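K.L.:
I have a structure here, written as structure tokens, and I will follow up with some questions on it.
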Amino acid sequence: MGISLGAVTRNNWFECTQLEVTSEQKEMFPAPVVYWIAESKVVPEYEPLAVYHDEELVGFAVYCTAPDHDGNYWIPALMMDVRFQRKGYGKAAMIELIHYMKENYACDRLMIGHRPNNVVASKLYQSLGFVKVGEVDGEVIRLLQ
Numbered sequence: 003m004g005i006s007l008g009a010v011t012r013n014n015w016f017e018c019t020q021l022e023v024t025s026e027q028k029e030m031f032p033a034p035v036v037y038w039i040a041e042s043k044v045v046p047e048y049e050p051l052a053v054y055h056d057e058e059l060v061g062f063a064v065y066c067t068a069p070d071h072d073g074n075y076w077i078p079a080l081m082m083d084v085r086f087q088r089k090g091y092g093k094a095a096m097i098e099l100i101h102y103m104k105e106n107y108a109c110d111r112l113m114i115g116h117r118p119n120n121v122v123a124s125k126l127y128q129s130l131g132f133v134k135v136g137e138v139d140g141e142v143i144r145l146l147q
């Protein structure tokens with residue numbers, strides 16, 4: 003079956019909040035999953051997703067359902083639980099999310115940000131075609147067209 007994306011629901015929201023990154027990564031991904039779930043309740047265009055490998059929850063993502071004023075669709079968060087890192091799940095999840103957003107929102111400009119010292123994220127996003135377009139508020143901003 004591989005990697006799939008699913009809604010965050012009353013049945014899996016708590017399990018999503020138990021996902022963790024490494025202690026070193028908390029500096030680069032400081033907001034816990036519970037924050038993103040809460041923010042999605044007050045920012046209607048933020049849509050949280052559970053990332054599964056087969057039937058097992060392995061990660062979490064957030065995407066925007068509406069473009070910004072420049073027509074860009076954003077992916078504010080993508081994380082894999084510490085137990086499932088370095089297995090290719092992050093890349094597979096990002097590929098699934100890109101396809102999902104293209105199919106459902108007809109977007110042709112995807113944006114994502116990451117901390118400058120997050121070398122793993124930088125390499126992952128570059129490998130998928132995201133190019134650096136600037137830095138804002140201590141984040142490297144990347145665009146995929």
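Numbered according to the numbering used here, the sequence shown spans residues 3 to 147. Built from N, CA and C at the ideal position, the CB exists for glycine as well. As the structure is a computational prediction, the values presented were derived from the model and not from experiment.
#1: For the alpha helix (DSSP H) that residue 94 lies in, which residues bound it at each end?
#2: Comparing C-alpha positions only, which one of 121, 123 and 92 sits nearest to residue 55?
#3: Would residue 127 pass as a contact of residue 103 if the rule is Cβ separation under 8 angstroms?
#4: Sorted by chain position, which residues of the same chain lie with C-beta nearer than 7 angstroms to residue 217's C-beta, five sequence neighbours on each side aside?
#5: Taking the C-alpha atoms as reference points, what is the distance between residue 135 and residue 9?
#6: Looking only at its own chain, which residues have a Cβ that is under 8 angstroms from the Cβ of residue 7, when we skip the five neighbours before and after it?
#7: Which runs of the beta strand (DSSP E) fall wholly inside the segment 115–145 and span at least 3 residues, in chain order?
P.N.:
On the basis of the supplied data:
#1: 91–107
#2: 92
#3: no
#4: Residue 217 lies beyond the residue range present for the chain, which begins at 3 and ends at 147; the question has no answer from this structure.
#5: 30 angstroms
#6: 51, 52, 53, 54, 63, 95, 98, 99 and 102
#7: 133–138
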